[in-house]
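Residue numbers (the working numbering): 78 to 166.
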Amino acid sequence: METLDLEPQVLANRRGVAFGLVHQNSTVECVITIATLEAYFWLELRASDARILKTFRDGYGRIRAIAERKLLAHPAARLELTPDDFARP
């Protein structure tokens with residue numbers, strides 16, 4: 078799986094960060110929720126957009142790996158990553 082060369086963006090409603098992945102020659106729109114970044118990537122509450130994006134970039138390898146696994150298990154055109162996706166069984 079390749080990453081799409083698009084900059085991640087904080088959603089207008091500040092509920093997540095949107096990013097894209099290329100999967101099977103098509104772009105999959107992905108969103109990781111702010112709650113997930115707070116719970117699993119140590120993002121502080123009410124963080125600025127710049128801090129949110131830094132936290133996203135710092136954790137991108139792990140975020141991408143989880144997104145890729147979820148897409149392989151459940152192919153979709155749009156994917157949302159929540160705290161449940163990062164919880165260990």
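Even for Gly, the Cβ is constructed at its ideal location relative to N, Cα and C.
It should be emphasised that the depicted structure is a prediction, and the values quoted were computed from it without experimental measurement.
query: Out of curiosity, what's the CA-to-CA distance linking V99 and R141?
result: Here residue 99 corresponds to residue number 22 of the sequence shown, with the count starting at 1. Here residue 141 corresponds to residue number 64 of the sequence shown, with the count starting at 1. Computed Cα separation, rounded: 11 angstroms.
query: Of all the options D126, G136, L130 and V105, which has the alpha carbon lying nearest to the alpha carbon of A154?
result: If you number the sequence shown from 1, residue 154 lands on position 77. Ranking D126, G136, L130 and V105 by Cα distance to A154 puts V105 first.
query: What did DSSP end up calling R134 once you bin it into helix, strand or coil?
result: Walking along the sequence shown from the start, residue 134 turns up at place 57. Of the three classes helix, strand and coil, the one that applies to R134 here is helix, per DSSP.
As assigned by DSSP and simplified to three states, the class of V105: Your numbering for residue 105 matches position 28 in the sequence shown. The answer is strand: DSSP assigns V105 an E or B state.
- prompt: According to DSSP, is F96 helix, strand or coil?
  reply: Locating residue 96 in the sequence shown gives position 19, where the first residue counts as 1. If DSSP states are grouped into helix, strand and coil, F96 belongs with the strands.
- prompt: Got a sec? Which residues, its chain only, sit under 6 angstroms from I129 by beta carbon, not counting five neighbours each side?
  reply: What you label residue 129 is simply residue 52 of the sequence shown in a count that begins at 1. Hits under 6 angstroms: V87.
- prompt: Which value, in whole angstroms, describes the spacing of the CA atoms of R123 and L114?
  reply: Here the question's residue 123 lines up with position 46 in the sequence shown. Here the question's residue 114 lines up with position 37 in the sequence shown. About 12 angstroms.
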